[in-house]
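What follows is one structure encoded as structure tokens, with my remarks underneath.
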Amino acid sequence: MAEIEWSSDLSVGIETIDEQHLKLIELLQGLEDAVRIGKDAGLIEDTITNLFNYAKVHFATEEDLLKKHKYPEEKLHQMEHNKFITKAFEFRENFDARKPGLNIEVVNFLSSWILSHIQITDQRYTRYLKKHGHS
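Sequential numbering of the sequence shown, starting at 1, is according to UniProt numbering.
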């Protein structure tokens, strides 16, 4: 498991979004810590739930912003969010069934997805918004 740390490379230059990304990373770090030190299943489950719930709040914020500014790839961005939510439910079902290896799989998926989403997908809409006058 590679821990994600906030850096300027992850900034999209929109304060609200950056703050939410930082919060997502902090929640992910909490999950990584819980898995690494072998916390009990209840704590890990609560941490996963908190992370996924906050992700939904963040997704709604992003989607509202993209809709407001008529971002041409809004639907594609929303589809990425929906795929994440679908995967989150799969993880949740597997966690409830106590399938082995799930915790590491969840952390690896989340780390990879969050980094990729911020560095590629979110940077794309940021360029569009800045080009069209959003500061």
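For each residue, glycine too, the CB sits at the ideal point set by N, CA and C.
This one's a predicted model, so the numbers in the text were calculated from it and none came from an experiment.
Apart from sequence neighbours up to five positions away, the residues of its chain that approach K56 with a beta-carbon distance below 8 Å are I85, ordered along the chain. In this structure, I4 sits near S111, with a CB-CB distance shorter than 9 Å.
Between the alpha carbons of D46 and L129 lies a distance of about 35 Å. In this structure, the alpha-carbon of L66 lies about 10 Å from that of A60.
With fewer than 16 neighbouring CB atoms inside 10 Å of its own CB, I37 falls in the exposed class. Assignment of E105 by DSSP, reduced to helix, strand and coil, places it in the helix class.
Residues of the same chain with a CB within less than 8 Å of the CB of L24, apart from the 5 flanking positions on each side, are L51, Y54, A55, H58 and I114 in chain order.
Along the UniProt domain "Hemerythrin-like" (13 to 126), the alpha helix (DSSP H) occurs as fully enclosed runs of 4 or more residues at 15 to 36, 41 to 68, 74 to 96 and 102 to 116, listed in sequence order. In chain order, V12 place their CB closer than 8 Å to the CB of Q123, counting only its own chain and leaving out the 5 sequence neighbours on each side.
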